[in-house]
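Structure record follows, encoded as structure tokens.
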Amino acid sequence: MSSAWPAQRVAQRVSWSGVQVAAVQVRLDSDSSESEPSDGEGDAQANVLQLLPVETLQAQFLHNANLRQQFASLGASFQAWRPIRGDGNCYYRAVLFAWLERCLALNLSFEALSRRLEEPSMAGRTEAQLCRRRLRAWQRARRKCGGDTEAVRRVLKRLTRDFNRKHVDYAFIYCLRQLVASYVRRHAKEPIAAELTFESWALALGARSIEEYCQQHICSMQKDAADHVQWVCPRVLQTVVRICMVDRDTASCKFIDYGQERRRAEMVVPTAAHLTSAASMSELRGAPEIFLLLKPGHYDILVPRDKAYRLLTPESSGLERQHFQAVLRCLEEKLVQSLKRSPIEDLGLFRAQLLSVLEPLQAVLKADDNASASPLPALEAFLRAAEPQSKPAPVPAPAPMVGGECCICLQPGATLTAACGCAYHGWCLQDYTKDGSELCHLHRSALGPELLTLAPKLPPTARLERPGSLGAALGKPCVICFGEEGVLKTLHCDFKAHVHCLKDFWVQKVATLCRLTDIRCPAEVAGCSSMLLEADLRDVVTAQDLAQARLRIREVEDGNARLIEELKRQSEEYRPTFRCAICLVDHEVEGCCTLPCQHRFCFESLQYHFDIIVRERRLSKLACPAEGCGYNLRSEDSIHIFQQVLPEDSYFKLLEFLTRDDPRIVDCRCLGCEERVFCEEGDDFADLGCPKGHRFCAQCDLGPHPRESCAQRAERRQQQEKSEVWNQVLSMGWKPCPRRCRYGGGYKAQEECDHVTCECGFEFCWDCGVDRRIPLAHDNRWHKPSCRYHTCYEEVAELPRPESACPACRAACAGVCCAFPADDGFPESYLR
Numbered sequence: 001m002s003s004a005w006p007a008q009r010v011a012q013r014v015s016w017s018g019v020q021v022a023a024v025q026v027r028l029d030s031d032s033s034e035s036e037p038s039d040g041e042g043d044a045q046a047n048v049l050q051l052l053p054v055e056t057l058q059a060q061f062l063h064n065a066n067l068r069q070q071f072a073s074l075g076a077s078f079q080a081w082r083p084i085r086g087d088g089n090c091y092y093r094a095v096l097f098a099w100l101e102r103c104l105a106l107n108l109s110f111e112a113l114s115r116r117l118e119e120p121s122m123a124g125r126t127e128a129q130l131c132r133r134r135l136r137a138w139q140r141a142r143r144k145c146g147g148d149t150e151a152v153r154r155v156l157k158r159l160t161r162d163f164n165r166k167h168v169d170y171a172f173i174y175c176l177r178q179l180v181a182s183y184v185r186r187h188a189k190e191p192i193a194a195e196l197t198f199e200s201w202a203l204a205l206g207a208r209s210i211e212e213y214c215q216q217h218i219c220s221m222q223k224d225a226a227d228h229v230q231w232v233c234p235r236v237l238q239t240v241v242r243i244c245m246v247d248r249d250t251a252s253c254k255f256i257d258y259g260q261e262r263r264r265a266e267m268v269v270p271t272a273a274h275l276t277s278a279a280s281m282s283e284l285r286g287a288p289e290i291f292l293l294l295k296p297g298h299y300d301i302l303v304p305r306d307k308a309y310r311l312l313t314p315e316s317s318g319l320e321r322q323h324f325q326a327v328l329r330c331l332e333e334k335l336v337q338s339l340k341r342s343p344i345e346d347l348g349l350f351r352a353q354l355l356s357v358l359e360p361l362q363a364v365l366k367a368d369d370n371a372s373a374s375p376l377p378a379l380e381a382f383l384r385a386a387e388p389q390s391k392p393a394p395v396p397a398p399a400p401m402v403g404g405e406c407c408i409c410l411q412p413g414a415t416l417t418a419a420c421g422c423a424y425h426g427w428c429l430q431d432y433t434k435d436g437s438e439l440c441h442l443h444r445s446a447l448g449p450e451l452l453t454l455a456p457k458l459p460p461t462a463r464l465e466r467p468g469s470l471g472a473a474l475g476k477p478c479v480i481c482f483g484e485e486g487v488l489k490t491l492h493c494d495f496k497a498h499v500h501c502l503k504d505f506w507v508q509k510v511a512t513l514c515r516l517t518d519i520r521c522p523a524e525v526a527g528c529s530s531m532l533l534e535a536d537l538r539d540v541v542t543a544q545d546l547a548q549a550r551l552r553i554r555e556v557e558d559g560n561a562r563l564i565e566e567l568k569r570q571s572e573e574y575r576p577t578f579r580c581a582i583c584l585v586d587h588e589v590e591g592c593c594t595l596p597c598q599h600r601f602c603f604e605s606l607q608y609h610f611d612i613i614v615r616e617r618r619l620s621k622l623a624c625p626a627e628g629c630g631y632n633l634r635s636e637d638s639i640h641i642f643q644q645v646l647p648e649d650s651y652f653k654l655l656e657f658l659t660r661d662d663p664r665i666v667d668c669r670c671l672g673c674e675e676r677v678f679c680e681e682g683d684d685f686a687d688l689g690c691p692k693g694h695r696f697c698a699q700c701d702l703g704p705h706p707r708e709s710c711a712q713r714a715e716r717r718q719q720q721e722k723s724e725v726w727n728q729v730l731s732m733g734w735k736p737c738p739r740r741c742r743y744g745g746g747y748k749a750q751e752e753c754d755h756v757t758c759e760c761g762f763e764f765c766w767d768c769g770v771d772r773r774i775p776l777a778h779d780n781r782w783h784k785p786s787c788r789y790h791t792c793y794e795e796v797a798e799l800p801r802p803e804s805a806c807p808a809c810r811a812a813c814a815g816v817c818c819a820f821p822a823d824d825g826f827p828e829s830y831l832r
């Protein structure tokens, strides 16, 4: 196929749960075409919403005083704000639309952007061709406006309509992402802050190359814009962007400017009222041209009070108008459903009454682009379709075989065929045409002159003679109306009923039960428990009555089937929504994440929130992000939530962090072993074993020490070490002073006498430590048994007597000698 031929993209008719979607054809002409882009693509999508007064922001956040104060301060500099669809592309969409809107308002050229779209990497893309064609169309329309203000407003509304078409919005966002990625590739090694470059930035975030980073984080649709994108995007568009950030926890806004070397390095914006004032703008070289409102996780457009946006005015009714229209759409849908179930006879009268009711609301319900548009388009379409029109003749059903089923009594043996294809018994056709009817009861088409000529010539009846059962009341009233006048029919249960009463009873039951058989006898009130028999209805229900009843049953069944399908369609189309507390964007409930505290969040925001917490290892923040909730999610019951929300690598990191922080899980203390042990209740923490057979204590490095606490083990080990030191000192010849003085003790040379004196002045025996005065008072015999100078008591020839020079005798009772010294473990016992 030649490249000059127009490329086509066709979405075929599809069926989803019974709802038909018409085919959509989008024609992308070649780039050299000068024709206007088609407006009939039919892929409308609310990407850029209407302008709203800044005051409506305060109404949306009545629960937070800080946000209300920040929005009130923004109202001094900005006249309106424009909501942007939040799908991961909100930054690109907001920046690009605000830039295009400003260029059209000031009649600036798009040539720089068009030239970038003609780069080799973009020239062959259908998205780039569509963008170039749209830019030329908008530029031509703006040039034709000249100084006509109303014409410029129409061009700006056209820009909004075009951006609310899915394929146009996709094409511009795709191209802007590609241009940003191309800029990053070209300037990969240039420093952007100190020594930080785009390439080092990409490698720090885990990418193997700058190309891989661009593909994963910039070119991927629905991927939020990172800091470097905010730095690059204004340079691609050759503009300056100021981001106004609001925060729930502070009472003042924060502002950051991005652009081509145009930063507010020395200037500080004191208040929000100075954001767009002429004085503050003159102080800053390269004043901001685009203003974005950054709520947590989402970008919207702020419209300042300057000449570029004097043509834009917010809707006076604001949110109330949107809510009123939503309620009106719901009422319109219910009204159409009711009209389908119960058609009205006079459509003209109904339309006039409806217009008289809606006339006072025309000012509120007036459409933005077409003041004459109907406020109830779906109802208007339904009424137009219900108006009488010339209908083509119905296609008759194929003629049944002779001997088939009669279309009146539904019994076999039909021998006559009408022009529409229906078959009849002779007697059924006679009864049906008795009142002059010439139309088929099913197709409402003519029976045909041949069949009508033949019907009177048929025998009076083709059925067997039946005994009559009509007669007078004879004392038995009608079981239905309790009247005795007139002719009554005797039923199988000997009760009687008027023919017309019985017929009305049968018609009513058929309409109620939607069946022709198994109808209870009207004498049920009198005690009859059987069903009406065929003999009871003879000469009461004619073939025409039977056919009409059958037709009504079919209509009821068809109506029920349509109602079921409609209810099924409504249940499938109804998609309840909620507002995510993180990104503040409305999402469908289906596919969201509901925490145990019943707060709902979108998966993208929840993933971003918890991924940052895990990467920074702030596990104490693993709680519900909703304001004022704080539900703790650090439990085994909530771990499945993180498995669904977090990426695989972040989830495994979270498990590792939770494992390390769990007091029941300890690492093996053996050098080089990486095994972990789960401690259960009743386990001895001082004597644990890992799968590799290592025994250790979970709380110290002195294990294992079973049935002994770490403090007891440390104390015992300290005593052992102290005893070892004392024993070593004693083995070297050192002995303590028996009085345990502050000097402690000392050493004695071999040549010295065993009678030693401590520095404290105490004299004692070096071998047994006894007070030197005691042995001297008792002939040097009073030494301890372990001493080499000891004399046994049995070997003493002379009995000991008390001596005044002996301190022990003086301490004893008068006239009593002191006791013989006993061993007390000197010198070891004196160490403790």
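Each residue of the sequence shown is one higher than the one before, starting from 1 at the first, in full-length UniProt numbering. Just so you know, even glycine gets a beta-carbon here, dropped at the ideal spot from N, CA and C.
Which stretch, first to last residue, makes up the alpha helix (DSSP H) that contains residue i?
i, result
"F163", "T149 to F163"
"K568", "A543 to E573"
"D257", "No alpha helix (DSSP H) holds D257; the beta strand (DSSP E) holding it covers K254 to G259."
"I613", "F603 to R615"
Skipping 5 residues on each side, what residues in its chain have a beta carbon closer than 7 Å to that of residue i?
i, result
"N164", "A44, Q45, A46, N47 and V48"
"S114", "R132 and L135"
"H609", "I582 and P625"
The beta strand (DSSP E) spanning residue i covers which residue range?
i, result
"A497", "K496 to H498"
"K489", "L488 to T490"
"F71", "From DSSP, F71 is part of no beta strand (DSSP E) but of the alpha helix (DSSP H) over A65 to L74."
"I290", "I290 to K295"
"C244", "V240 to M245"
"residue 878", "Coverage of the chain is limited to positions 1 through 832, which leaves residue 878 absent and any answer about it impossible."
Mind checking whether residue i and residue j have CB atoms under 8 Å apart?
i, j, result
"F198", "H228", "yes"
"W766", "P821", "no"
"R82", "I290", "no"
"C501", "C528", "no"
"V479", "A523", "yes"
"H694", "C673", "yes"
"C668", "F685", "no"
Which residues in the same chain have their Cβ closer than 6 Å to the Cβ of residue i, if we skip the five residues on either side of it in sequence?
i, result
"L294", "I243 and M245"
"Q544", "Y432"
"K503", "V540"
"H425", "C406 and A414"
Taking all protein chains shown into account, decide if residue i is buried (16 or more other Cβ within 10 angstroms of its Cβ) or exposed.
i, result
"Q79", "buried"
"V796", "exposed"
"A511", "exposed"
"L567", "exposed"
"R116", "buried"
"I210", "buried"
"K434", "exposed"
"D823", "exposed"
"R140", "exposed"
"R788", "exposed"
"R664", "exposed"
"S77", "buried"
Check whether chain B comes within 8 Å of residue i, counting only Cβ atoms and requiring the distance to be less than that.
i, result
"V229", "Structure shown: chain B not included; a single protein chain is present."
Give me, in chain order, the residues of the same chain whose beta-carbon lies closer than 8 Å to that of residue i; leave out the 5 immediate sequence neighbours on both sides.
i, result
"G630", "A623 and C624"
"V725", "none"
"E36", "With a pLDDT of only 46 at E36, under 50, the local geometry of the prediction cannot be trusted, and the value read off the model is given with reservation. Hits under 8 Å: A137."
Between residue i and the ligand MG, is the CB less than 7 Å from at least one heavy atom?
i, result
"C817", "This structure lacks the ligand MG, and indeed carries no ligand of any kind."
Sufficient close CB pairs (3 or more, under 8 Å) joining the stretch 163 to 178 to the stretch 123 to 133: yes
Cβ contact (3+ pairs, closer than 8 Å) linking the stretch 64 to 73 and the stretch 580 to 598: no
Any 3 or more C-beta pairs closer than 8 Å across the stretch 572 to 587 and the stretch 598 to 614: yes
Stretch-stretch touch, CB-based, cutoff 8 Å, three pairs: the stretch 803 to 820 with the stretch 769 to 787: yes
Cβ contact check for the stretch 203 to 219 and the stretch 56 to 69: 3 or more pairs under 8 Å: no
The stretch 175 to 189 in contact with the stretch 148 to 166 per 3-pair CB rule at 8 Å: no
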